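Numbering (the working numbering), first residue to last: 359 to 589.
These notes are about the structure you will find just below.
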């Protein structure tokens, strides 16, 4: 390795900031949700986000080089708070869409915000869950990692043409980062099924199923409400 920060790591440690920026965006989206979809929970989410960000930054300010229960625990705790609060907003928005309550534009915008928060939050869940988490994925030898929850295209590209194989896990020692899980989470929420990333474990399939169902319900109701508004 070329730097002391990467000493002992199989491949370069992941940046801290992509996941922090994504969680900050999720927190901001929840903070500006319509008041009848979030209520006092918006303050809980914002306060929890600020309090949890501090130990996350202190333990790993730039790159994820230190495996600590505190840093990972706060990241998971805030993700649980954000997703749980978002499910409350989800059910309230579904009720509004079914009953035709509230301003049409405001309700549709709120549904888009809930969808985006789900994408961000589930991406963190997948990122923390797969192969022992973001630090273990890049630090530990592959034989020592827990069984994978997801299979990425790079994990099976070693027999592809040379320019593709050079990006494979075997050749480049590639490991997925938060942006990879964010893309995967977004594609699961839009396609309602695996696209290029395959779930391998039961828990992965269950999380993906819950995310896809909530995304499908929102999309179906948003389309129905939009048609009603336009007509």
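Beta carbons are placed, not taken as given, at the ideal position from N, Cα and C, and that holds for glycine.
This structure is a prediction, so every number in the text was calculated from the model and none was measured.
Can you check whether the C-beta of residue i is within less than 9 Å of a C-beta belonging to chain B?
| i | result |
| --- | --- |
| residue 374 | No chain B appears in this structure, which consists of one protein chain only. |
Could you tell me which residues DSSP puts in a beta bridge with residue i?
| i | result |
| --- | --- |
| residue 421 | 373 |
| residue 556 | 509 |
Just reading off the alpha helix (DSSP H) that residue i is part of, what are its end residues?
| i | result |
| --- | --- |
| residue 445 | 427 to 457 |
| residue 544 | 536 to 549 |
| residue 529 | 527 to 530 |
| residue 492 | 492 to 497 |
| residue 518 | Note, residue 518: premise wrong, no alpha helix (DSSP H); not H, not E. |
| residue 394 | 393 to 396 |
Within its chain, find whatever has a CB closer than 7 Å to the CB of residue i; leave out the 5 residues flanking it on each side and keep chain order.
| i | result |
| --- | --- |
| residue 544 | 477 |
| residue 361 | Interpretation of residue 361 is limited by its pLDDT of 48, a score under 50 that renders its predicted location unreliable; no figure is taken from the coordinates. |
| residue 473 | 547, 573, 576 |
| residue 421 | 363, 371, 372, 373, 374 |
| residue 428 | 413, 417 |
| residue 446 | 399 |
| residue 506 | 488, 489, 558 |
| residue 451 | 395, 465, 468, 469, 472 |
| residue 426 | 417 |
List the whole-angstrom C-beta distance separating residue i from residue j, where the pair is believed to meet the contact cut-off of C-beta under 8 Å.
| i | j | result |
| --- | --- | --- |
| residue 395 | residue 468 | 5 Å |
| residue 389 | residue 405 | Contact flag wrong, Cβ pair sits at about 11 Å. |
| residue 486 | residue 540 | No, residue 486 and residue 540 are not in contact; Cβ-Cβ is about 13 Å, not under 8 Å. |
| residue 558 | residue 510 | That pair is no contact at about 11 Å. |
| residue 464 | residue 376 | That pair is no contact at about 30 Å. |
Once the 5 residues before and after residue i are set aside, which same chain residues still bring their CB inside 8 Å of it?
| i | result |
| --- | --- |
| residue 503 | 489, 490, 494, 495 |
| residue 449 | none |
| residue 528 | 516 |
| residue 523 | 515, 516, 517, 529 |
| residue 378 | 411, 414, 415 |
CB-CB under 6 Å to residue i, same chain, minus the five flanking residues each way: which ones, in chain order?
| i | result |
| --- | --- |
| residue 526 | 512, 515, 516 |
| residue 588 | Summary for residue 588: the model assigns pLDDT 48, below 50, so the residue's position carries little reliability; its value from the coordinates is reported in the next sentence. Once the five neighbours on either side are set aside, residue 588 has no close Cβ partner at all. |
| residue 500 | none |
So, do the stretch 474 to 482 and the stretch 381 to 390 have three or more beta carbon pairs nearer to each other than 8 Å? yes
With a threshold of 8 Å, are at least 3 pairs of Cβ atoms found where one atom belongs to the stretch 545 to 554 and the other to the stretch 523 to 535? no
When the Cβ atoms of the stretch 442 to 454 are set against those of the stretch 408 to 416, are three or more pairs found closer than 8 Å? no
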